[in-house]
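Undergrad: So the sequences go chain by chain: A and B.
The opening residue of the first sequence carries number 10 in the numbering used here; numbering runs sequentially from there.
The opening residue of the second sequence carries number 7 in the numbering used here; numbering runs sequentially from there.
Please find one structure pasted underneath; my questions will follow.
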Amino acid sequence: MAKKASETEVRPVVSSLGTPVKCFYGPEDLPDFDYKEKLGDPGEYPFTRGVYPTMYRSALWTMRQYSGQSTPDSTNERFKYLLKNGQTGLSLAFDLPTQIGLDSDMPLAEDDVGKLGVAVDSLDDFERIFDGIALDQISTSFTINATAPIILAMYVLVGKKQGVEPSKLRGTIQNDILKEYIARGTWIFPPEPSIKLVGDLVEYCNKEIPRFNAISVSGTHILEYGANTMQSVALAISIAEVYIREVLKRGSHIDQIAPLFSFHLPIGGRDFNFFENIARLRAGRRYWARLMKEKYGAQDKRSLQFRFSTGGMGGGLTAEQPLNNIVRATIYAMAAVFSGTRSLNLACYDEVYAIPSDLAIRTSLRVQQILAFETGVADVVDPLGGSYYVEKLTDEMEAKIAETIADIDKDGGIVKMIESGAIQRELARQSYAIQKKISSGEKVLVGVNKFRVKEEERDLEIYKTDPETINRQLQRLKAVKAGRDREKVAGALQRLEAAAGRGDNLIPYLFEPLTQKATVGEIIDTLKKVYGTFKEPTTV
Amino acid sequence: METKKTIRVLIAKIGLDGHDVGAKVLIFWLRDQGMEVIYTGLRQSVEQVVEVAIQEAVDVIGVSILSGSHVSIARRLIQRIRERELDDVLLLFGGTIPKDDIAVLKQIGVRGVFPSHAKLEEISTFIKENVKQPGE
C-alpha cells in the first residue's frame, strides 16, 4: 500500500525511560491484560486505580500551599489569611537555621534567619505561629527533617496547651532525612543516628499520635536534583524501605507502621511529560502494594495503600515570561488529579524569583479550585485507566521501578550510595544532561529557547523579606533566654543526652527541655555530642 | 598562536543553602570548556572560601545561593576579598536572584550575576572574556 509522503516523516519520540514511543497504542500492546490482576477497582488491591473507592466524589484532594514567613507572627497572619480563603490544610516552611538546628543568634545563621520560612528558636515561637488556630480543627504539614523530632514535640506541646490531646492531632511531618543527603543538604548528623531518629518519630506517632503521618518520603527534591520521573518514585520507595527496616527491627509489625507512611512526589519539572507522570504514580501504587504484601507480609489494607501528596515542581517554571508558569502549573495540577493525589501544593508563577507573593499563592490555589469545581476532572476515579497507552506506560514504569530498586540493593543499598556520594554524582550528571538539551534547543522550553520575546518588561511584585526580621527574632530569643531557669534547662538537656547515649526513643525526652524553653540549637548541640556530624562527600 | 593559561575556578556554597545541583551542573560545564574547577561543598563561611581561593590561586570565585541571602553574603565576601587583596579575582554570583538585586550586587562589586535560568554558555563566555590573561 502506498503511503503519503507526510506519513513517512514521523517525528521520533523517546520516553524518559529510553524506550521509543509509538504513534498510537492498541490491544496488541497489552497482551493477556487482566483487569483484576493489573488494576482492580479503585480501593482494591493492587490499588493501581487509586487507594480509595470513591476518591474525589467523597472528598476532594487537600489544597495546600506551602507557606512560612519570616517571623512567627507573620506566619500566623498568613495562616489565618489562607484559612479565610478556603484553604483546607496548613503547610509550614521553616528557615534554614531551624532546619539544620541553629538558633537565630548562632554564627553562620545570620544570613538566613527568616529567609525561606519561619524562624523557630524555642517553644515560644511555635506558640505564636498557631495562636488562635485550633489544632483539632486543621491538619498541618511540616516540611522538616533533621529537626523533625523537635518540631513534632513542639506541636504536641502547643496542642496540650490548647487542651487538644495528641490523639486528635492531624497532619504530616516530612521526617525524611535520607533525601536531604542526596538533594537538599539540611543534614546534621551522620546517616545512621539520623535513621534512628526517623524511627523514633515513627514509633512515637504509632503509639501516641495515630492520626498523624509520621513520615512523608519525598521524591520531589530528588527530581529537582536530576532524577527522572520514574527514579523520583523508585528512590523514594528505596529510602522508605530503609526506615521500614529500622522500625521493624524494634519489634513492630509491618501492619502497625506501614499505614503511617506517606509519600510526597513530584509532578512537573524541567523534563515533564504528562502521561509519564501519571503512569509512574499508578505504577508506584501497584509496586508498593505488592512489595508490602509479598516482601513484608503486610495484610492490613492500609499498609498496602501507596498514599501520596504531590508537589507541582518549581524546577520546570521559568524566569522568562513568568505568567506562562500559571499554565504550566495548571497542567501539573491536572496530572496530579488524574494520578489520584490526596493533596496538592502547586508551585507559584513567581517562585523563580523569590518566595511567592500573596497574589501568586492565591492564584495557585485558584488553579486547584477551578479544576475541582469547574471542569469535571474530579468526577470519575482514574479516568485514564484502561487507555492502551497509559496502561502500557504504567507497566513499563513499574518494571523500571523494580529494576532500579534491585540495582540499588545490588550496589550495597541506598545508604551506602549516599555516604559515598555515588547517587548524588549520578543525579547531578543527569541534571547536566537535561540542561545541555535545553541549551541546545533539543528540549523545548517555551519562552526560554523558543518563542522568546525581547525582554519581558512586566515587573512582578516580589515578596521581600522584612530586613527587621532578624532583629525582632534576636530580641525575642534574648527575652526567652532571660526568662528561663538555667539549672532546669541544663538538667533537662543532660537527661536528653543520657537518653541519646542509651539509644532510647528520644521523643519523650524532648518535652522537658522544650517546656523549659531550651532552644532548638541547644538541643541539637547536645545531640551532636552523642551522634557527631555528617562529613559531606564533596567530589564532583 | 599564543598559549592561554588554564582558567581556575572556585565554585562555592556560602551560608546554609543546600541546593547545590546548579553549582554542580555549572562545574561539569566549565570543565567541559577546559577550565579547572574546585568545589567547596556546602555551608562554607566567607573566610573559608577566601582562604581556599588564595591557596588554590583561582582566577574566578563563583558563589551559588538560592536562599535569598545573596546581598548580605556578597557584602561580607567583598570586604574579605579586599582585606586579603584578592581584587583581581573575578567574582560571580548565581542562583535565585531577583532582578532588583542584580543591580545591587553589581553596584557593590560583584562582576557577573547569573540568575537560575541563565544559559551555561553566557557564564563561560563571561569568564573567558573577563579573566585577565598573562600580559594583558
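The beta-carbon is built from N, C-alpha and C at its ideal position, and this holds for glycine as well.
1. For Phe-382(A), count neighbouring Cβ atoms within 10 angstroms of its own Cβ and tell me buried if that reaches 16, exposed if not.
2. Taking C-alpha atoms, which residue in Glu-477(A), Thr-372(A), Lys-445(A), Ala-249(A) lies nearest to Ser-34(B)?
3. Which residues does DSSP list as the beta-bridge partners of Arg-14(B)?
4. With a Cβ-Cβ cutoff of 8 Å, do Glu-510(A) and Val-539(A) count as a contact?
5. Which bits of chain B does Arg-193(A) rub up against, with CB to CB less than 8 Å?
6. Measuring CA to CA, which of Arg-14(B), Gln-39(B), Ile-13(B), Glu-53(B) is closest to Arg-90(B)?
7. Less than 8 Å between CB atoms is the rule here; does Leu-97(B) satisfy it with respect to chain A?
8. Is there contact between the stretch 325-335 of chain A and the stretch 349-360 of chain A, where contact requires at least three CB pairs shorter than 8 Å?
9. When we look at the beta-carbon of Glu-466(A) and count the other beta-carbons within 10 Å, is it buried (16 or more) or exposed?
10. With a CB to CB cut of under 7 Å and the five nearest residues on each side skipped, what residues in its chain are close to Lys-143(B)?
11. Within the 8 Å Cβ cut-off, does Gln-444(A) reach chain B?
12. Apart from the five residues just before and just after Phe-315(A), which ones in its own chain have a Cβ nearer than 6 Å to its Cβ?
13. Compare the C-beta of Gln-484(A) with all C-beta atoms of chain B and state if any pair is closer than 8 Å.
14. Give, in chain order, every residue of the stretch 316-335 of chain A whose Cβ lies closer than 7 Å to some Cβ of chain B.
15. For chain B, is any of its Cβ atoms less than 8 Å away from the one on Lys-537(A)?
16. Taking any Cβ of chain A, which residues in the stretch 64-96 of chain B have a Cβ under 7 Å from it, in chain order?
17. Provide the residue(s) that pair with Gly-455(A) in DSSP beta bridges, ordered along the chain.
18. By the criterion of Cβ-Cβ separation under 7 Å, what are the contact partners of Thr-152(A) in chain B?
19. Taking the alpha-carbon positions, what's the Ala-442(A) to Val-165(A) distance?
20. Between Arg-461(A) and the rest of its own chain, which residues show a CB-CB distance below 8 Å, the 5 nearest in sequence each way excluded?
21. Under 8 Å between the Cβ atoms of Lys-459(A) and Val-489(A)?
22. Output the distance between the C-alpha atoms of Ala-369(A) and His-123(B), rounded to the nearest integer angstrom.
23. Between Gln-85(B) and Asp-93(B), what straight-line distance do the alpha-carbon atoms span, to the nearest angstrom?
24. Using CA coordinates, which residue listed in Val-167(A), Phe-283(A), Gly-172(A), Glu-189(A) is at the minimum distance from Asp-140(A)?
25. Measure the beta-carbon distance from Pro-121(B) to Ile-103(B) and round it to whole angstroms, keeping in mind my assumption that it falls under 8 Å.
26. Near Pro-2(A), which residues of its chain fall below 7 Å by C-beta distance, leaving aside the five closest residues on each side in sequence?
27. Between the stretch 272-280 of chain A and the stretch 385-404 of chain A, do at least 3 Cβ pairs fall closer than 8 Å?
28. Mind reading off the beta-carbon distance from Leu-232(A) to Asp-23(B)? Whole number of angstroms is fine, and I expect it under 8 Å.
29. Give me the Cα-Cα distance between Gln-439(A) and Val-31(B), rounded to the nearest whole angstrom.
30. Compare the beta carbon distance of Val-66(B) and Ile-44(B) with 8 Å and say whether it is the shorter of the two.
31. Where Val-15(B) and Val-95(B) are concerned, what is the direct C-alpha to C-alpha distance, given to the nearest angstrom?
32. DSSP three-state call for Phe-151(A): helix, strand or coil?
33. What are the boundary residues of the beta strand (DSSP E) that Thr-413(A) is part of?
34. Does Asp-120(A) come within less than 8 Å of chain B when only Cβ atoms are used?
35. Pick from Lys-537(A), Ser-83(A), Leu-523(A), Ile-533(A): whose alpha carbon is nearest that of Leu-132(A)?
36. Given Arg-66(A), which residues of its chain have a CB within under 6 Å of its CB, disregarding the five upstream and five downstream residues?
TA: Working from what's here:
1. Counting Cβ neighbours within 10 Å, Phe-382(A) comes out exposed, since fewer than 16 surround it.
2. Note that residue 34(B) corresponds to Phe in the displayed sequence, not to Ser. Here the closest residue by C-alpha is Lys-445(A).
3. DSSP lists Glu-42(B) as partners of Arg-14(B).
4. Note that residue 510(A) is Gly in the sequence shown, not Glu. Cβ distance < 8 Å, so Gly-510(A) and Val-539(A) count as in contact.
5. Neighbours of Arg-193(A) in chain B, taken as residues at a C-beta separation under 8 Å, are given in chain order as Gly-24, His-25.
6. The residue with the shortest Cα to Cα distance from Arg-90(B) is Glu-53(B).
7. Not closer than 8 Å to any Cβ of chain A, the Cβ of Leu-97(B) fails to qualify, so no.
8. The stretch 325-335 of chain A, when compared against the stretch 349-360 of chain A, does touch it at the 8 Å Cβ threshold.
9. At Glu-466(A) the pLDDT is 49, less than 50, meaning the model places this residue with poor confidence and gives no usable figure here.
10. Nothing can be reported for residue 143(B), as the shown portion of chain B is limited to 7 through 142.
11. So, interface residue.
12. Gly-293, Arg-294, Trp-297, listed in sequence order.
13. It does not: the Cβ of Gln-484(A) has no partner Cβ on chain B nearer than 8 Å.
14. Close to chain B, meaning a Cβ-Cβ distance shorter than 7 Å, are the following residues of the stretch 316-335 of chain A: Thr-327, Ala-328, Glu-329.
15. Taking Cβ atoms only, chain B never reaches closer than 8 Å to Lys-537(A), which makes this a no.
16. Cβ contacts with chain A: Ser-73, Gly-74, Ser-75, Ser-78, Ile-79.
17. Reading the sequence as shown, one finds Val at residue 455(A) and not Gly. Residue pairing by DSSP places Val-455(A) opposite Lys-459(A) in a beta bridge.
18. Going along chain B, no residue has its Cβ under 7 Å from Thr-152(A), so there is no contact; the nearest lies around 13 Å.
19. Taking the straight line joining both Cα atoms gives about 45 Å.
20. Cβ contact annotation for Arg-461(A) (same chain, cutoff 8 Å, sequence separation greater than five): Glu-329, in chain order.
21. Their beta carbons are not under 8 Å apart, which means Lys-459(A) does not touch Val-489(A) by this criterion.
22. Using only the alpha carbons, I get a separation of about 20 Å.
23. Within the model, the alpha-carbon separation for Gln-85(B) versus Asp-93(B) is close to 10 Å.
24. When each option's Cα is compared against that of Asp-140(A), the closest is Val-167(A).
25. For a cut-off of 8 Å, the C-beta gap from Pro-121(B) to Ile-103(B) is around 5 Å, short enough to register as a contact.
26. Not covered by the structure: residue 2(A). The range shown for chain A is 10 to 549.
27. Between the stretch 272-280 of chain A and the stretch 385-404 of chain A there are fewer than three C-beta pairs closer than 8 Å, too few to call the two in contact.
28. Contact check for Leu-232(A) and Asp-23(B): beta-carbon distance about 19 Å, past the 8 Å limit, so the pair fails to qualify.
29. The alpha-carbon of Gln-439(A) is positioned some 9 Å away from that of Val-31(B).
30. Contact: no.
31. Cα to Cα, Val-15(B) sits roughly 10 Å from Val-95(B).
32. Phe-151(A) sits in a strand when the DSSP states are folded into three classes.
33. Element bounds for Thr-413(A): not the beta strand (DSSP E) but the alpha helix (DSSP H), 397-419.
34. Cβ-Cβ to chain B under 8 Å: yes for Asp-120(A).
35. Its Cα nearest to that of Leu-132(A), the residue Leu-523(A) stands out among Lys-537(A), Ser-83(A), Leu-523(A), Ile-533(A).
36. In its chain, beyond the 5 residues on either side, no residue has a beta carbon closer than 6 Å to the beta carbon of Arg-66(A).
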